[in-house]
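Input: a single structure, listed below in structure tokens.
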Amino acid sequence: MIDEVGHYALALALALSLMQAILPFWGARTHDARLMAVARPAAMTQFAFVALSYAALTYAHVVSDFSLVNVVENSASAKPLIYKISGVWGNHEGSMMLWVLILTACGAAMAAFSRAIPPRLLADALSVQGVLGAAFLAFILLTSNPFARMVPAPIDGNDLNPILQDPGLAIHPPLLYLGYVGFSIVFSLAAAALIGGRLDAAFARFIRPWTLAAWCFLTLGIAMGSYWAYYTLGWGGFWFWDPVENASLMPWLAGTALLHSAAVMEKREALKVWTIFLAIVTFSLSLLGTFLVRSGVLTSVHSFASDPTRGLFILAILVMFIGGALFLFMLRASSLKQGGLFAPISREGALVVNNLLLTAACAAVLVGTLYPLALESINGDKISVGAPFFNLTFGPLFAPIFLLAPVGQLLAWKRGDFLAAAQRLFFAAGLGLAAMAVFVALHGAPVMSVIGSGVAVYLVVGAFAEIFGRVFPSGFGARKNAFFRAKGLPLSAWGTAFAHAGLGLSMLGIAASGWGVEKIVAMKQGDVYDVGPYQLQVVGVTTNQGPNYQETVAHMSVQRDGRVVALLAPSKRFFSTRRMGTAQAGIVTLNLGQIYVSVAEPNPNGAIDARLYWKPLVSLIWIGALVMAFGGLLSLSDRRLRVGVARRAVKAQIVAQAAE
Amino acid sequence: MMKKLLRLLSRRHCPAVARRTRRAWARNGRARTLWLAIAALMALRAAPAVAVEPGEMLKDPKLEQRARKISEGLRCLVCQNQSIDDSGAQLAQDLRILVRDRLKAGDTDQQVKDYLVSRYGNFILLKPPFEWDTLLLWISPFAILALGAGAALRKSRKSRQAVEDKPATPLSEDENARLKSLLEDGRA
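Protein chains in written order, with the numbering used here: chain A, 1 to 660; chain B, 1001 to 1188.
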């Protein structure tokens, strides 16, 4: 019964989304306020129905309702509760449900928090959001129904893919989808602005909070995915240039560019056409990612089961939205008036360079991801595009950003002074050089690690140079009132500093990977291995029984100078339902670095093949991402950015004047 | 057919069988797809946790270092975008041993790669070669940067030109009056 309610709610949501797509749009054309007013309640109700449907599916998973195909194929009664809940999106149908849930939540959020947006623009934007909802709801109902029944219902299910039975599954997909789909709001607003034909600096104000929020989630989602891969895959890699990862990196790069160009548009009314273009491209890349992962063009742990009809359906959606939006863009772009002149050396100029580099880097990822598919379909040649390609193309295109980010922060709007900005970075550059010297003394080669870490230190320190200059306008000596000046700075300035510093921290973590130590050994009980500054000793091996798996655990101690500093328990799990094994790495964080051990099943002679790693500063990669997202959050809470604040302030002023 | 292939695959590195399978694979596209699918399944079934196993490693650390370096650039043909150095699949292990055998026989790094390309095609190289059909792949990111930079420069020059060409028009009577009233408003 509950399953039918869920199914029916989904169908109702589709009907509502069609209504939301048509009526407000019509209202906006005929200037009918009543029709336009349909958009907001429709968006909220649509979200409510999808949420109801999603709750029904979750309930079916939690109570192990094996009359649903989806539950049979992806769950088992012995599965722990957390994986019953997160396992809802650990399969094709469920992950599309999560996608649509977040899409409709975005629509509802836009309807709820956008009172400052002009009614016609909002009506058009919600109508575009309605079309998006309709397309994906139709996709679910027609090709990937999660409520399909199985008769007769089996006694137990096939269990979830063991690789997905991990806390990472509870966090990574929702964050990533919030990022991916969050950009749909920006897309809808851009499409609406193009339909309406009016584009001014206010538009940048409308999209900036949504862009920032989506960007924060995407940053966290990618970082979480990277950490998950790091601790699961058994050798401690954190980025593989896998097409599926690239699919999430591309919207991030485009979204980062969008964030920066929207800043120019908001402050100076320049780069309007470009900002609109990026708004379209960012969400288009999200859609492309969904297509690549969901269509079965690529097979990986992310794509679950796939069949060709789904691929064609998503391709149709993709073509409709990307093609439609770009067509609209072509029609309208020339009629948009450009404003805001600036000299090449200025804040705007720096942001243009930032956008050029980010776009080119994004293009490198896009081309590298799609080229093998295209080439194979054109002349049948199979090639691989792997890490070496991206290191050679993405690397040099992205690297200048590290050097230029602090400079850009210090340039004035309209016309900047490059030399003055460079002068104020002497301290940061000096610290960077000092860091290089220290790292050379401590670790030596490889050269790339030394250069990379020096640049990273420069970026982290340089990110705060602007803040420093504003808090201590006449040098560090004048400390009076410094605290109040720091407090008085706009939060967005702090946000920028933290986001850039986070990028630097991540880079430091990546650069330091060159100094890692790797040992591949056949361990026996009592053996001691030197791994970096630590010694690892095998204490013993046990076998345990988990809820739905058996595992072999190697107990190890981490010692330094004869003192035990940590214990490790890397294990190898075997899931009997699916007859699959997973490796649980033993990881301990010591001084921002990590000792990482992964083991195989014991050999017949009792020895265990293992990989032992010391990864200095590796945790900074993800800490950096957290700091980046924190910067985004700070910027998001800046008063100026909150849509509607300006308007309320004006209203209050008018009221005050009237009272006088 | 399926059973036979499975049996072939489950056998630990048997060069003669492996060679025969690979030749057949190179000849027959359809068999190759099937082979890939089955091998991928096998890889999932019995994936050992570690990639390079201690037993495989060469005694000579210099040679082993070279083997690792080469392995990093070779794709595990049945995996998703993993190098044979990272992969736990059986095929990856076979290839790792093959690379080491060739190195022991005195091949240079390039000879090892060429040998593998002659057997498996460019698909095995994670770094695609710079050839006619990969030209666009290699140059397009940089071309996009150059084009974008060119467009931005042209635009900035044009807009500055436009400002310089346009003489500043003096304020009209009305505008002067409005400016005056605004200034006085501000003072009051």
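Using N, Cα and C, we set each Cβ at its ideal position, and we do this for glycine too.
Identify the contact partners of residue i in chain A, using a Cβ-Cβ distance below 9 Å as the criterion.
{"i": "LYS1158/B", "result": "None at all; the shortest Cβ gap to chain A is about 10 Å."}
{"i": "ASN1122/B", "result": "ASP381, LYS382, ILE383, SER384"}
Mind checking whether residue i and residue j have CB atoms under 9 Å apart?
{"i": "PRO570/A", "j": "ALA585/A", "result": "yes"}
{"i": "ARG415/A", "j": "ALA343/A", "result": "yes"}
{"i": "PHE187/A", "j": "ALA123/A", "result": "no"}
{"i": "TYR549/A", "j": "PRO162/A", "result": "yes"}
{"i": "LEU673/A", "j": "ALA214/A", "result": "This structure does not reach residue 673/A, given that chain A is present from 1 up to 660, and the question cannot be answered."}
{"i": "LEU592/A", "j": "LEU620/A", "result": "yes"}
{"i": "SER682/A", "j": "HIS92/A", "result": "Any question about residue 682/A goes unanswered here, given that chain A covers just 1 to 660."}
{"i": "VAL541/A", "j": "GLY526/A", "result": "no"}
{"i": "ARG310/A", "j": "ARG294/A", "result": "yes"}
{"i": "ALA191/A", "j": "ILE280/A", "result": "yes"}
{"i": "VAL407/A", "j": "GLY462/A", "result": "yes"}
{"i": "ASP1114/B", "j": "LYS1069/B", "result": "no"}
{"i": "PHE217/A", "j": "TYR230/A", "result": "no"}
{"i": "ASP3/A", "j": "SER95/A", "result": "no"}
Express the C-alpha separation of residue j and residue i in angstroms, rounding to a whole number.
{"i": "ASP609/A", "j": "VAL599/A", "result": "6 Å"}
{"i": "ARG1119/B", "j": "VAL447/A", "result": "35 Å"}
{"i": "ALA1089/B", "j": "GLU1053/B", "result": "12 Å"}
{"i": "LEU212/A", "j": "LEU633/A", "result": "8 Å"}
{"i": "VAL131/A", "j": "MET19/A", "result": "9 Å"}
{"i": "SER86/A", "j": "PRO533/A", "result": "39 Å"}
{"i": "LEU1036/B", "j": "PHE113/A", "result": "Note on LEU1036/B: pLDDT 40, under 50, position unreliable in the model; the coordinate value appears next. Those two C-alpha atoms are separated by around 51 Å."}
{"i": "ARG1100/B", "j": "ALA1067/B", "result": "6 Å"}
{"i": "VAL643/A", "j": "GLY289/A", "result": "Because the pLDDT of VAL643/A is 49, which lies under 50, any placement of that residue in the model is unreliable, and the question is left without a value."}
{"i": "LEU10/A", "j": "ALA55/A", "result": "11 Å"}
{"i": "TRP235/A", "j": "VAL528/A", "result": "20 Å"}
{"i": "LEU291/A", "j": "HIS31/A", "result": "It is worth fixing the name first, because residue 291/A is Phe in this sequence and not Leu. So the alpha carbons of these two residues sit roughly 37 Å apart."}
{"i": "HIS172/A", "j": "SER1140/B", "result": "32 Å"}
{"i": "GLY546/A", "j": "GLY90/A", "result": "21 Å"}
{"i": "MET507/A", "j": "ILE401/A", "result": "12 Å"}
{"i": "ALA663/A", "j": "ASN379/A", "result": "In this structure chain A extends from 1 to 660, so residue 663/A is not present and cannot be described."}
{"i": "ALA1151/B", "j": "ALA501/A", "result": "31 Å"}
Where does residue i fall in DSSP's three states?
{"i": "ASP1114/B", "result": "helix"}
{"i": "LEU567/A", "result": "strand"}
{"i": "GLN409/A", "result": "helix"}
{"i": "PRO604/A", "result": "coil"}
{"i": "TYR549/A", "result": "coil"}
{"i": "MET580/A", "result": "strand"}
{"i": "PHE1123/B", "result": "helix"}
{"i": "LEU288/A", "result": "helix"}
{"i": "PHE1142/B", "result": "helix"}
{"i": "THR542/A", "result": "strand"}
{"i": "GLY504/A", "result": "helix"}
{"i": "ALA60/A", "result": "helix"}
{"i": "ARG40/A", "result": "helix"}
Taking residue i as the query, report the chain B residues whose CB atoms sit under 9 Å from its CB, ordered along the chain.
{"i": "VAL379/A", "result": "A small correction: the amino acid at residue 379/A is Asn; Val does not occupy that position in the sequence shown. By Cβ distance, chain B contributes ASP1133."}
{"i": "PRO602/A", "result": "What PRO602/A touches in chain B: nothing, since even the nearest Cβ is about 11 Å away."}
{"i": "TRP413/A", "result": "Within chain B, no residue comes near TRP413/A; the closest Cβ sits about 15 Å away, beyond 9 Å."}
{"i": "ALA673/A", "result": "Chain A is shown only over 1 to 660; residue 673/A falls outside these bounds and no answer can be derived."}
{"i": "PRO446/A", "result": "Those within 9 Å of PRO446/A in chain B number zero; the least Cβ separation is about 13 Å."}
With a threshold of 8 Å (Cβ to nearest heavy atom), would residue i be considered close to the ligand NAD?
{"i": "LEU1179/B", "result": "In the structure on display, the ligand NAD does not appear, and there are no ligands present to speak of."}
Could you tell me which chain A residues have their CB closer than 7 Å to the CB of residue i, listed as they occur along the chain?
{"i": "LEU1125/B", "result": "SER384"}
{"i": "PRO1128/B", "result": "ILE383, SER384, VAL385, PHE389"}
{"i": "PRO1141/B", "result": "ALA360, ALA363, ALA364, VAL367, THR393, LEU397"}
{"i": "VAL1099/B", "result": "The premise fails here: VAL1099/B is roughly 16 Å from chain A at the closest Cβ pair, so nothing lies under 7 Å."}
{"i": "ARG1075/B", "result": "SER384, GLY386"}
Which residue or residues does DSSP assign as beta-bridge partners of residue i?
{"i": "GLN535/A", "result": "ASP530/A, GLN559/A"}
{"i": "GLU671/A", "result": "Outside the shown range of chain A (1 to 660) lies residue 671/A, about which nothing can therefore be said."}
{"i": "LYS1180/B", "result": "Bridge partners of LYS1180/B: none, in fact."}
{"i": "PHE575/A", "result": "MET580/A"}
{"i": "ASN554/A", "result": "Before going on, a small fix: residue 554/A reads as Ala here, not Asn. Paired residue(s): VAL541/A."}
So with CB distances below 7 Å, who are the chain D contacts of residue i?
{"i": "ASP242/A", "result": "Annotation note: the requested chain D is absent from the structure, which comprises protein chains A and B."}
Strictly below 7 Å CB to CB, what residues from chain B border residue i?
{"i": "PRO400/A", "result": "Simply none; closest approach about 10 Å."}
{"i": "PRO251/A", "result": "Residues of chain B passing the Cβ test: none, with the nearest at roughly 17 Å."}
Can you name the residues of chain B whose CB is closer than 8 Å to the CB of residue i?
{"i": "VAL517/A", "result": "The premise fails here: VAL517/A is roughly 14 Å from chain B at the closest Cβ pair, so nothing lies under 8 Å."}
So which residues of chain A does residue i contact, with C-beta pairs closer than 8 Å?
{"i": "GLY1150/B", "result": "The premise fails here: GLY1150/B is roughly 10 Å from chain A at the closest Cβ pair, so nothing lies under 8 Å."}
{"i": "ILE1144/B", "result": "THR359, ALA360, ALA363"}
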